[in-house]
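Residue numbers (this note's numbering): 1 to 144.
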């Protein structure tokens with residue numbers, strides 16, 4: 001499984017909003033500048049996030065975006081599922097009933113175990129956790 005640029009940038013955008021949440025609505029150009037991401041690319045990600053009620057939007061002067069919930073209520077898994085779709089390493093790990101070989105497949109438990117490990121890990125990390133880890137270590141890396 002490989003996370004696309006869209007997933008990585010969505011996570012960075014939401015982390016930026018979490019980090020600057022006390023400033024109110026944040027303009028996309030400010031996020032783009034701080035994160036060194038093209039504003040046009042972020043404009044492609046925003047509709048995906050808006051559909052899921054992750055963001056609050058304010059138009060016009062002083063407009064921009066802010067998180068709809070507390071950073072501790074957003075998991076990395078939730079964000080990546082929105083932008084990437086399924087996090088399953090293979091189709092049958094998520095939907096074994098849709099595969100005619102699933103009843104006799106010796107590798108299915110391997111894929112299901114990997115899927116559980118991936119989702120358990122990513123659903124166990126929140127934006128709040130990442131910010132807290134960053135503040136404690138002073139670095140941009142996150143290790144469990």
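Backbone N, C-alpha and C define an ideal beta-carbon position, used for all residues, glycine too.
Quantities reported herein were computed from a predicted structural model and do not represent experimental measurements.
Here the alpha carbon of residue 79 sits roughly 19 Å from the alpha carbon of residue 40. With contacts defined by Cβ atoms closer than 8 Å, residue 130 and residue 15 form a contacting pair.
Taken through DSSP and simplified to helix, strand or coil, residue 64 comes out as strand. The secondary-structure analysis by DSSP pairs residue 26 across a beta bridge with 65. Residue 85 has its alpha-carbon roughly 22 Å from the corresponding atom of residue 38. Distance from the CA atom of residue 73 to the CA atom of residue 18, rounded to whole angstroms, is 11 Å.
Scanning 46, 122, 92 and 125 for the CA closest to the CA of residue 110 turns up 92. Distance between residue 7 and residue 52, taken at the CA atoms: about 15 Å. With distances taken between CA atoms, residue 113 lies nearest to 90 out of 31, 125, 90 and 124.
A distance below 8 Å separates the beta carbons of residue 75 and residue 123. Nearest Cα to residue 3 within the set 107, 30 and 87: 87. Residue 96 has its alpha-carbon roughly 10 Å from the corresponding atom of residue 105.
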